[in-house]
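In full-length UniProt numbering, the protein residues as written are 1 to 427.
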Amino acid sequence: MLWTRHLVMVYMFVISLGLTFISYWSNVSALALMEKSPCLLEDLLSLNTARLLDTGGIALSVLPHLVAQWFMGMLFAYVHLGPRYPTIQKIMPVVFAGPIFLAMLPLPPRIIKDLPVLAGAVPLILTKMTMLNSAVDAAKTVYNGYQYAMNFVSNFGLSALIENEWQRLNVPCVLRVFWSIRIGQELISIVMLSDGTAPIGFFPTMQKLLVDGCETLTAVLGMTSIISVICHYIGRGFQWYLLTFDNDEEKSLGTVSAVLFYILALQTGLTSLSPDKRFVRLCRNLCLLITALLHFLHNIVSPILMSLSAARNPSRKRHVRALTVCAFLVVTPICLLAVLWSRHSPSTWLLAVTAFSVEVVVKVLVSLATYTLFLLDARRQTFWEKLDDYLYYVRAFGNSVEFCFGILLFFNGAWILVFESGEFFPL
Numbered sequence: 001m002l003w004t005r006h007l008v009m010v011y012m013f014v015i016s017l018g019l020t021f022i023s024y025w026s027n028v029s030a031l032a033l034m035e036k037s038p039c040l041l042e043d044l045l046s047l048n049t050a051r052l053l054d055t056g057g058i059a060l061s062v063l064p065h066l067v068a069q070w071f072m073g074m075l076f077a078y079v080h081l082g083p084r085y086p087t088i089q090k091i092m093p094v095v096f097a098g099p100i101f102l103a104m105l106p107l108p109p110r111i112i113k114d115l116p117v118l119a120g121a122v123p124l125i126l127t128k129m130t131m132l133n134s135a136v137d138a139a140k141t142v143y144n145g146y147q148y149a150m151n152f153v154s155n156f157g158l159s160a161l162i163e164n165e166w167q168r169l170n171v172p173c174v175l176r177v178f179w180s181i182r183i184g185q186e187l188i189s190i191v192m193l194s195d196g197t198a199p200i201g202f203f204p205t206m207q208k209l210l211v212d213g214c215e216t217l218t219a220v221l222g223m224t225s226i227i228s229v230i231c232h233y234i235g236r237g238f239q240w241y242l243l244t245f246d247n248d249e250e251k252s253l254g255t256v257s258a259v260l261f262y263i264l265a266l267q268t269g270l271t272s273l274s275p276d277k278r279f280v281r282l283c284r285n286l287c288l289l290i291t292a293l294l295h296f297l298h299n300i301v302s303p304i305l306m307s308l309s310a311a312r313n314p315s316r317k318r319h320v321r322a323l324t325v326c327a328f329l330v331v332t333p334i335c336l337l338a339v340l341w342s343r344h345s346p347s348t349w350l351l352a353v354t355a356f357s358v359e360v361v362v363k364v365l366v367s368l369a370t371y372t373l374f375l376l377d378a379r380r381q382t383f384w385e386k387l388d389d390y391l392y393y394v395r396a397f398g399n400s401v402e403f404c405f406g407i408l409l410f411f412n413g414a415w416i417l418v419f420e421s422g423e424f425f426p427l
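What follows is the structure, encoded as structure tokens:
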């Protein structure tokens, strides 16, 4: 695999090659403008300020191309990996902007037409010299990377290699930057297109941004990385509130939430829907993600409850914090279900959200019952023979409820697959 130093060299090579082609396109565009306009050199020599300062004139039209060529020449001289001869390094901006300067002279049209090609030949020759000089080293680097990848896969597996490279290349950070720039551009477009007479509505704007933020698979990946960070810090916040910092469940909360959201997006065909349907589907997927997040939070607080009850911890502060989180995990799904059932008719999606929400409530109640039994046992002066029986009854009840909801979700998924997806028996 390519290390960071090699990646930087690849990026510099690609940038230098891209600058060459952009420069060629800009020169061709500038020469096309100058061909259809009066002679710019005559205006400069005669100091014809009327035409030089005309907003629709040739001078102001060519000026952005000239400035861009000059800066692209300086950037190419800085990033290219070819031979760095001092003279060529100094005249590189002149080489890039040369076609525009030479087009002002009374040269034959045939020569002027070939000027962009001649100007692009110099950076292309330097780039080709880079390729020829680095071909052997590049082949060795690729071969060593291939050997490293094969050894890593044979020792740890393909998934470990993908995870390692995913973290090494900071792919989530890149996706977050991409999505943030995309949303920022959309927001600026909305603000610029508004006439200013009517205020921009917050909710319509947010709906527009969310819909545009998941219209392609790459955009969905960017949104997934943002959701991963949000879920990660939610887990960190609850961990800080519970005064515990060694829970492995919180470390995987962001990753698992991101995987779940992306799978839901692929499963429901989020990118292929119309904007209105896409927003509705996105909200439904977020509701499912919230219920899954509640399950993860329960997995964080449940071991803390058990440790507090078993250790006979006299600190009421930690007990109150854990019980507060449990109350939150009970109230939140109930409020969510109350809102959803009051606004939506029964459907397979609503049944799935209901099953997950009721399941997390049952899990929390089972954890609280177990916690209470251990506290009662700690206050007793004698051995409590029925404690194991009561614990068995409580856990059996919780497992039975989870099993029943699992069967319900299985049949709910089968119904969606057969009758709603349209793959077997389209209705």
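Ideal placement from N, C-alpha and C gives every residue a C-beta, glycine not left out.
Owing to the predicted nature of the structure, the values given are computational and were not obtained by experimental measurement.
Spatial neighbours of residue 220 within its chain, please: C-beta separation below 6 Å, excluding the five flanking residues on both sides.
The count along the sequence shown starts at 1 and reaches residue 220 at position 220. Excluding sequence neighbours, residue 220 sits near 214, 265.
Take residue 387 and list the residues in its own chain whose beta-carbon comes closer than 7 Å to its own, dropping the five residues that flank it on each side.
Stepping through the sequence shown from its first residue, residue 387 is reached at position 387. 373, 377.
Straight-line CA distance for residue 406 to residue 399?
Within the sequence shown, residue 406 is the residue found at index 406, counting from 1. Within the sequence shown, residue 399 is the residue found at index 399, counting from 1. Looking at the two C-alpha atoms, the distance is approximately 10 Å.
Check this for me: beta carbons of residue 9 and residue 81, under 9 Å apart or not?
Residue numbering aside, residue 9 sits at position 9 when the sequence shown is read from its first letter. Residue numbering aside, residue 81 sits at position 81 when the sequence shown is read from its first letter. Yes, the Cβ-Cβ distance between residue 9 and residue 81 is below 9 Å.
In the structure shown, what three-state DSSP assignment does residue 205 receive?
In the sequence shown, residue 205 corresponds to position 205, counting from 1. Three-state result, residue 205: helix.
For the candidate residues 120, 306, 395, whose alpha-carbon lies nearest to that of residue 371?
Within the sequence shown, the letter at position 371 stands for residue 371. Considering only alpha carbons, the answer is 306.
As a quick exercise: from 125, 310, 333, pick the residue whose alpha carbon is nearest that of residue 288.
Within the sequence shown, numbered from 1, the residue matching residue 288 stands at position 288. Selected option, being the one with the closest Cα: 333.
Considering residue 384, what are the terminal residues of the alpha helix (DSSP H) in which it resides?
Position 384 of the sequence shown, counted from the start, is the residue given in the question as residue 384. Unbroken run through residue 384: none, as it is neither H nor E.
Just verifying my parser: in three-state terms, what is the DSSP assignment at residue 245?
Indexing the sequence shown from 1 puts residue 245 at position 245. Note: residue 245 maps to coil in three-state DSSP.
Cβ-Cβ separation, residue 325 to residue 340 (assumed contact under 8 Å), whole Å
The count along the sequence shown starts at 1 and reaches residue 340 at position 340. The count along the sequence shown starts at 1 and reaches residue 325 at position 325. With 8 Å as the limit, residue 340 and residue 325 do not qualify as a contact, their Cβ atoms being about 23 Å apart.
Please state if the CB of residue 211 and the CB of residue 168 are separated by a distance shorter than 9 Å.
Residue mapping note: residue 168 aligns to position 168 of the sequence shown, counting from 1. Residue mapping note: residue 211 aligns to position 211 of the sequence shown, counting from 1. Going by C-beta atoms, residue 168 is not nearer than 9 Å to residue 211.
Comparing alpha-carbon positions, which option in 90, 184, 110 lies nearest residue 99?
Position 99 of the sequence shown, counted from the start, is the residue given in the question as residue 99. The shortest C-alpha separation from residue 99 is found at 110.
Could you say which of 63, 87, 86, 96 lies nearest to residue 70 if we only look at CA atoms?
Within the sequence shown, numbered from 1, the residue matching residue 70 stands at position 70. Nearest option by C-alpha distance: 96.
Host alpha helix (DSSP H) of residue 215 (start-end):
One-based indexing of the sequence shown puts residue 215 at position 215. Taken as a continuous stretch (DSSP letters only), residue 215 belongs to no alpha helix (DSSP H), as it is neither H nor E.
Which of the three DSSP states is assigned to residue 19 in this structure?
Numbered from its first residue, the sequence shown carries residue 19 at position 19. Helix, per DSSP.
Cα-Cα separation, residue 380 to residue 284:
Stepping through the sequence shown from its first residue, residue 380 is reached at position 380. Stepping through the sequence shown from its first residue, residue 284 is reached at position 284. Using only the alpha carbons, I get a separation of about 48 Å.
Within 10 Å of its beta-carbon, does residue 280 have 16 or more other beta-carbons around it, so buried, or fewer, so exposed?
In the sequence shown, counting from the first residue as 1, residue 280 sits at position 280. So residue 280 counts as exposed.
Taking residue 225 and residue 179 to be in contact with their CB atoms under 8 Å, please state how far apart those CB atoms are, rounded to whole angstroms.
Stepping through the sequence shown from its first residue, residue 225 is reached at position 225. Stepping through the sequence shown from its first residue, residue 179 is reached at position 179. Rounded, the Cβ-Cβ distance is 7 Å, consistent with contact.
Segment contact, 8 Å Cβ cut-off, at least three pairs: the segment 136-151 with the segment 182-191
no
Member of 385, 360, 262, 23 whose CA lies at the smallest distance from the CA of residue 66:
Indexing the sequence shown from 1 puts residue 66 at position 66. For the residues 385, 360, 262, 23, the minimum Cα distance to residue 66 belongs to 23.
Which residue marks the beginning of the alpha helix (DSSP H) containing residue 177, and which one marks its end?
Locating residue 177 in the sequence shown gives position 177, where the first residue counts as 1. Start and end: 171-193.
Taking C-alpha atoms, which residue in 244, 384, 84 lies nearest to residue 317?
Within the sequence shown, the letter at position 317 stands for residue 317. Of the candidates 244, 384, 84, the one whose C-alpha sits nearest the C-alpha of residue 317 is 244.
Can you say whether residue 170 is buried or exposed, counting buried as having 16 or more other CB atoms within 10 angstroms of its CB?
Indexing the sequence shown from 1 puts residue 170 at position 170. Classification for residue 170: exposed.
Run of the alpha helix (DSSP H) containing residue 263, from where it starts to where it stops
On the sequence shown, residue 263 is found 263 positions in, with the first residue counted as 1. It spans 253-267 - the alpha helix (DSSP H) in which residue 263 sits, taken as one unbroken run.
Kindly indicate which three-state DSSP category residue 315 falls into: helix, strand or coil?
Here residue 315 refers to the residue found at position 315 when the sequence shown is read from its first residue. In the structure shown, residue 315 sits in coil (DSSP, three-state: anything other than H, G, I, E or B).
Report the CB separation of residue 357 from residue 291 in whole angstroms; it is logged as a contact under 8 Å.
Within the sequence shown, residue 357 is the residue found at index 357, counting from 1. Within the sequence shown, residue 291 is the residue found at index 291, counting from 1. Taking the Cβ atoms as the reference, residue 357 lies roughly 5 Å from residue 291, within the contact range of under 8 Å.
Since residue 344 and residue 336 are thought to touch, with beta carbons under 8 Å apart, how far apart are those beta carbons, to the nearest angstrom?
Along the sequence shown, read from residue 1 onward, the residue named residue 344 stands at position 344. Along the sequence shown, read from residue 1 onward, the residue named residue 336 stands at position 336. Residue 344 to residue 336, Cβ: 12 Å. No contact.
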